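Enquirer: My questions will all concern the structure given below.
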Amino acid sequence: MHQRLALFDLDGTLVDRQSAVSEAVAGLCGIHSFSAEVEQWMLTELADRANAADFARLREVFELDESVAQLWEAYVDRMAAAVICRPAFLEAWANSVPRSGLSASPRTAPPTSSAPRSPRPASPSWSTE
């Protein structure tokens, strides 16, 4: 019998969200040729969390041509591609999973479209089967 387990990182313990935000924002600003002012606004406003309403404000404040949906989707895709598990978590997970009898594979959410991905090492998979 297999049971699924999901871990949610609400405090930045498991993944390095700030690095992912910086990478996603830089990529988004690069492909849309946004100014340094837009990039700084995004880094400040999206530092703790992000949702589509943030991109509605971004579009309004800077009078951007892109739709809210386009901006939000591009950001989500880039975040999914950029976020990685912290090495300390992966090491602790690798050491604890075999002792627990679990079969596990830590992963991040898949992107929702084909946004360019940054090169990242693959997340390791562990199995006790």
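Taken in order, the sequence shown gives residues 1 to 129; the numbers are from the UniProt record's numbering.
Glycine included, every Cβ here is placed at the ideal spot set by N, Cα and C.
These figures come from a predicted structure and were not determined experimentally.
#1: What do you get for residue 62, buried or exposed, if any count of 16 or more other CB atoms within 10 angstroms of its CB means buried?
#2: Do the segment 59-77 and the segment 30-49 touch if we need at least three Cβ pairs shorter than 8 Å?
#3: Would you decide whether residue 10 is buried or exposed? Buried here means 16 or more other CB atoms lie within 10 Å of its CB.
#4: Measuring only the C-alpha atoms, how far is residue 26 from residue 87?
#5: Measuring CB to CB, does residue 20 end up less than 8 Å from residue 82?
#6: Got a sec? Which residues, its chain only, sit under 7 Å from residue 38 by beta carbon, not counting five neighbours each side?
#7: Checking 8 Å against the spacing of the C-beta atoms, do residue 43 and residue 54 come in under that value?
#8: Do residue 78 and residue 24 have their CB atoms nearer than 8 Å?
#9: Please list the terminal residues of the continuous alpha helix (DSSP H) segment that includes residue 44.
#10: Would you mind working out which of 52, 58 and 8 sits nearest residue 76, comparing C-alpha positions?
#11: State the start and end residues of the unbroken alpha helix (DSSP H) segment that holds residue 65.
Expert: Reading off the structure:
#1: Answer is exposed; the Cβ neighbour count stays below 16.
#2: Output reads yes: the segment 30-49 touches the segment 59-77.
#3: Exposed, by the Cβ-count rule.
#4: Taking the CA atoms as reference points, residue 26 sits about 23 Å from residue 87.
#5: Yes, the pair counts as a contact, with Cβ atoms nearer than the cut-off.
#6: Excluding positions up to five away in sequence, the list reads 29 and 62.
#7: Contact: no.
#8: In contact: residue 78 and residue 24 (Cβ atoms closer than 8 Å).
#9: Counting along the chain, the alpha helix (DSSP H) containing residue 44 begins and ends at 36-45.
#10: The shortest Cα separation from residue 76 among 52, 58 and 8 belongs to 52.
#11: Element bounds for residue 65: n/a, residue is neither H nor E.
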